[in-house]
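Structure first, commentary second.
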C-alpha cells in the first residue's frame, strides 16, 4: 500500500540515527526522491553532491543504471519494481501454446457478427486488429490489449467469451473475474460486457452472470490488517481474469495482483488466462508508476503478448473529433501545437456552440470586466442555457411514486445524464471544481428566490438540507463507495422529485433506484467534473474548461494526457472553452515517468 511520506520519513530518520548518518545530509536526497515519487516516477538521477553521502551507507536507497545514468530509488520502491519485473517474466515464460481450430473460431465469429448486425440494425464486422486480439488471447495465457476510445476493447472481450463458450473452453462464470481499479469502472465494465453479449444473441441469463469488481475486492483487502487475503502464499482461485482501465493501476496494486498469480496453475481442464485492457495515452495512475506503458514498451521484445487496436468505431461518424484525438499524439507535436486550433470553428457563446453542426469548436472566453471574470461569465451562460433547461427536462419526468420511477425508460434517464458534461482539470481553488460549484450554488439561490419565476409553470422544487441546496435536475456524483447499496465513487445521478420528496436517482445494473438524500455516502454537485473523475466515461457533448495559467494550474495537472483524456470523452461534439496559452502549454507538456522497468 502507499505509505504516508511523513511516517516514512520518520522511519528513515530512525534508521539514519542507527547508521550514524546525519539527517541534514540525507534529507535533501529523501525530499527529492519523495517529490519525484509524488509526480509518478520511481527514481531520480544521481547527483554528484549526493555521491559522498550515499557511499557511506546506502540505507534506505537502491541504485540502478538507466540508459547509462545511475538512478536512486527508495529501497522499498525498487524492491516492488523488481518483483513486478520477475512476476511478469515468469508469466510470459510459462506460456503454454493452447491449440485452437482457427476455421471453427472464424465460423463462430461470423455467426456472432451476424447476430450483432441484426441487433444493431447495421452491418457489423470485427476489424483485423480485433480478430487478431481474439486469436492471440485464445492461444496464450497472458495478453495485453491496448487501444484508444472506441477501438472496441470490451467488444473483443465479449466476443472472446462467446467464442470460448462455443468451443467448450469457457470456465464456469464463478471462475471468471471481471476487474477494474475503481468501483465505477467495474460497473461500466459490467454494463459493457452484458450489453455486448446480449447484442450477440446470448441468453439474458448467461449475460447477467458477468459482474465487475474492483481489484481490491478481487484480492480481498483486509482493512483491519492492511493487506490482501490473496497474495504470494494464497493464489487467486479464478481461471480467467480480465482487468480493464489498466492505465489507472499504480505499481503497488499491480504487484499485489501479480503476487496473487504466482502459484496459479496454468494448465488444467480450462487453461488459465489473464487479459489486461487499457489506453496508454490516457491519464496514468494517481500514485507512482506507469505500469501499462512499461508493459507496452517491454512485451514486444519477448513474444506475441500485445495486441494493439487502432481503428476507432466510436469516432467513425465524427471525423473532426478523431482528427483532434490523433493531432494530440503525432510524432512531432512541437511543430504544430499552435496550429491545432487554427482548424477549429470559433464561436463566441455556448449557445452558438450548442447550435453548431461542427464537432470541434473553440469557445472564445469572454474577456473579463472589472466586475466579472471569464470564469463567471462562462458559468453564468451555462447556467442559463444548459443547466436550467436540463432541470426543466428532469422536472417534467413527473415521478408520482417509486413504481412510476421503476417503469421509466432507463435509456431516457441515461441519455439525459450523458448528453452533456463539463470537465476541468483543477479540484480546488477559484478556477477549480470547488470554486465553480460555489458560484453555481449562488446562481441557484438567486434563481429560486426570484419572485418572477412564480406562477410561470417553472417552479422547480428545491430543499435546503444540512446547509446544502438540492433541487430537481441537479446532477450529483458519489465520492465515496457504498458497496451495500452499489453506489461507487464516480457514479452520477439526478435529484428527482418522487411524490413530494426530493430523492437521488441512480442507474444500477440497468435499473433506476432512488435514495433519500440524507442517507447518501459522500457526494457533491456534478455540474462540472474533473477529467480524472471522467476516465472510462463517455458523453455526447463535452465542454472542456481550461483557465488562464495561474499558480493553481501546476505542471503535473496541465499535461497532454489530461487534454487527450478530456477530449476523448466526447462522442459527438467537443467544446473547448480554453485559454489559448494554457492549451498550448498543456499540449507541449508530456512528462515521462521514469521507472527503469526492464524485462531482461
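Residue numbers (full-length UniProt numbering): 1 to 600.
In this text, a Cβ means the ideal position worked out from N, Cα and C, and glycines have one as well.
Worksheet item: From residue 150 to residue 184, what does the alpha carbon distance come to, in whole angstroms?
Response: 18 angstroms
Practice prompt. Identify the continuous beta strand (DSSP E) that holds residue 540 and give its terminal residues.
Written response: 539 to 546
Discussion item. Once DSSP output is grouped into helix, strand and coil, what is the label at residue 136?
Written reply: helix
Fill in: C-alpha gap between residue 249 and residue 119, whole angstroms
35 angstroms
Fill in: Residue from 424, 557, 517, 420 with nearest C-alpha to residue 539
420
Worksheet item: When the distance is taken between beta carbons, is residue 189 closer than 8 angstroms to residue 162?
Response: no
Worksheet item: According to DSSP, what are the bridge partners of residue 524?
Response: 477
Worksheet entry | Paired residues, beta bridge with residue 278 - DSSP | 146
Fill in: Cβ-based burial, residue 133 [other Cβ within 10 Å; buried from 16]
buried
Practice prompt. Using beta-carbon positions only, say whether residue 378 and residue 577 come within less than 8 angstroms of one another.
Written response: yes
Worksheet item: Where does residue 388 sit, in a helix, a strand or coil, going by DSSP?
Response: helix
Worksheet entry | Bounding residues of the beta strand (DSSP E) (the contiguous stretch that carries residue 235) | No beta strand (DSSP E) holds residue 235; DSSP gives it neither H nor E.
Discussion item. For a quick check, are the C-beta atoms of residue 241 and residue 293 less than 8 angstroms apart?
Written reply: no
Practice prompt. Might you give, ordered along the chain, the residues of its own chain that have their beta carbon closer than 7 angstroms to the beta carbon of residue 444, omitting 5 neighbours on each side?
Written response: 469, 471
Worksheet item: If we count the other Cβ atoms within 10 Å of its Cβ and call it buried at 16 or more, is residue 581 buried or exposed?
Response: exposed
Worksheet item: Quick one, are the C-beta atoms of residue 298 and residue 84 less than 8 angstroms apart?
Response: no
Worksheet item: Under 8 angstroms, do residue 281 and residue 259 count as touching if we go by C-beta distance?
Response: no
Fill in: Among 511, 89, 546, nearest to residue 430 - alpha-carbon criterion
546
Worksheet item: Counting pairs of beta carbons, one from the stretch 424 to 442 and one from the stretch 353 to 369, are three or more of them closer than 8 angstroms?
Response: no
Worksheet item: From residue 1 to residue 253, what distance separates their C-alpha atoms?
Response: Residue placement at residue 1 cannot be trusted, given a pLDDT of 44 that sits under 50; what the coordinates show is reported in the next sentence. If you take the alpha carbons of residue 1 and residue 253, they lie about 8 angstroms apart.
Practice prompt. Write down the C-beta distance between residue 218 and residue 179 rounded to the nearest angstrom, noting that I regard them as a contact closer than 8 angstroms.
Written response: 5 angstroms
Discussion item. I believe residue 559 touches residue 591 by the beta-carbon criterion, under 8 angstroms. Please report the beta-carbon distance rounded to the nearest angstrom.
Written reply: 6 angstroms
Item to complete: Tell me residue 273's beta-bridge partners as DSSP assigns them.
Response: 240
Practice prompt. For the stretch 506 to 518 and the stretch 527 to 537, state whether three or more C-beta atom pairs, one from each stretch, are separated by less than 8 angstroms.
Written response: no
Item to complete: Helix, strand or coil for residue 248, going by three-state DSSP, please let me know.
Response: helix
Item to complete: Reducing DSSP to helix, strand and coil, say where residue 308 ends up.
Response: strand
Worksheet item: Taking the alpha-carbon positions, what's the residue 221 to residue 69 distance?
Response: 38 angstroms
Discussion item. Taking the beta strand (DSSP E) that residue 44 belongs to, which residues open and close that run?
Written reply: 43 to 45
Worksheet item: Where residue 523 and residue 76 are concerned, what is the direct C-alpha to C-alpha distance, given to the nearest angstrom?
Response: 35 angstroms
Practice prompt. May I ask you to report which of helix, strand or coil DSSP gives residue 597?
Written response: coil
Fill in: Residue interval of the alpha helix (DSSP H) (run including residue 214)
First-last for residue 214: 212 to 214, but that is the beta strand (DSSP E), not the alpha helix (DSSP H).
Worksheet entry | Of the residues 447, 113, 439, the one placed nearest residue 389, counting alpha carbons only | 447
Discussion item. I need the DSSP call for residue 26, collapsed to helix, strand or coil.
Written reply: helix
Fill in: Local Cβ density within 10 Å of residue 331, reported as buried at 16 or more and exposed below that
Residue placement at residue 331 cannot be trusted, given a pLDDT of 48 that sits under 50; what the coordinates show is reported in the next sentence. Exposed is the call here.
Worksheet item: So who's on the other strand from residue 503, going by DSSP bridges?
Response: 496, 516
Worksheet entry | DSSP three-state assignment for residue 383, whether helix, strand or coil | helix
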